[in-house]
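To convert, note that position 38 of the sequence shown is 44 in the working numbering; the numbers rise steadily by one, no gaps.
Here's the structure we're looking at; comments come further down.
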Amino acid sequence: AARLEQVQQQRAEQSRAFFARHAEQHDAQQELIAEYGQYAEQACELLLRASPEGKQVLEIGPGDGLFLLELAGHFEQVIGLDNAEAMLTRARKTVAKRSNVELILGDWPQAARNLPTVDAVVLNMVLHHLPAPASAIRAAAAQLQAGGTLLITDLCRHDQHWAHETCGDFWLGFDEADLVDWAGRAGLELQESQFLALRNGFQVQVRTFKRLD
Numbered sequence: 007a008a009r010l011e012q013v014q015q016q017r018a019e020q021s022r023a024f025f026a027r028h029a030e031q032h033d034a035q036q037e038l039i040a041e042y043g044q045y046a047e048q049a050c051e052l053l054l055r056a057s058p059e060g061k062q063v064l065e066i067g068p069g070d071g072l073f074l075l076e077l078a079g080h081f082e083q084v085i086g087l088d089n090a091e092a093m094l095t096r097a098r099k100t101v102a103k104r105s106n107v108e109l110i111l112g113d114w115p116q117a118a119r120n121l122p123t124v125d126a127v128v129l130n131m132v133l134h135h136l137p138a139p140a141s142a143i144r145a146a147a148a149q150l151q152a153g154g155t156l157l158i159t160d161l162c163r164h165d166q167h168w169a170h171e172t173c174g175d176f177w178l179g180f181d182e183a184d185l186v187d188w189a190g191r192a193g194l195e196l197q198e199s200q201f202l203a204l205r206n207g208f209q210v211q212v213r214t215f216k217r218l219d
């Protein structure tokens, strides 16, 4: 257990360092795999369908803040948590005119204890950057109020190993069954799924899960 924690801490530090160094190149790197516009509309549609009356939402790893801007038009309170100050700086510029968005520096899930429970948690193209995805999903489930929604947008499993170095990916996507299994173990039930084919052979899965209790 101690060794596992050490490995996860090392991965978290690697993630922080990568995004601190490459914040300005983030868009170009992301476009190699999936552009924001290719999945954002579907992700927002599924989230609003699952949480039509949600008031508070937390996005983990919001990047440049474009989806935060979308969320701010539908939720009363929006929280963005990122582990890199350089990325938060970009997000602040994006949401500068939105008074209902709060940006916080911190690692997930360690920062969860300092955050309020919410109606929805968003993991948009960030799970493959996290040291322990199953733990991240479990923490997201715990952050939800009863009946809350978890939105996961991420890559299906692939074999493009260059993504490790170029995009800072720890994981080469995920099997669809793994996400459902991890969510189920965390007390979440699959609500809806969409699969989007993208360039270079990548496929994105957009999925919503509901907290059962």
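Ideal Cβ positions, reconstructed from N, Cα and C, are used throughout, including at glycine.
Just so we're clear, the structure is a prediction, and the values are computed from it rather than from any experiment.
- Contact annotation: residue 155 and residue 56 have beta-carbon atoms nearer than 9 angstroms.
- Annotation note: the segment 98-175 contains the following uninterrupted alpha helix (DSSP H) runs of length 4 or greater, listed N- to C-terminal: 139-149 and 168-173.
- A Cβ-Cβ contact shorter than 9 angstroms links residue 68 with residue 97.
- For residue 192 and residue 62, the gap between their C-alpha atoms comes out near 20 angstroms.
- Excluding sequence positions up to five before and after residue 80, its CB lies within less than 7 angstroms of the CB of 54, all in the same chain and listed in chain order.
- With respect to the C-alpha of residue 198, the residue from 41, 48 and 44 having the closest C-alpha is 48.
- Within the segment 67-91, the runs of beta strand (DSSP E) that reach at least 3 residues and sit entirely inside it are, in chain order, 83-88.
- Judged by beta-carbon spacing, residue 86 lies within the 9 angstroms limit of residue 109, meaning their Cβ atoms are closer than that value.
- Within the same chain, Cβ atoms closer than 6 angstroms to the Cβ of residue 159 are found at 45, 49, 130, 131 and 212, the five residues on either side in sequence being excluded.
- Residue 215 and residue 183 do not touch by the CB rule: their CB atoms are close to 14 angstroms apart, not below 8 angstroms.
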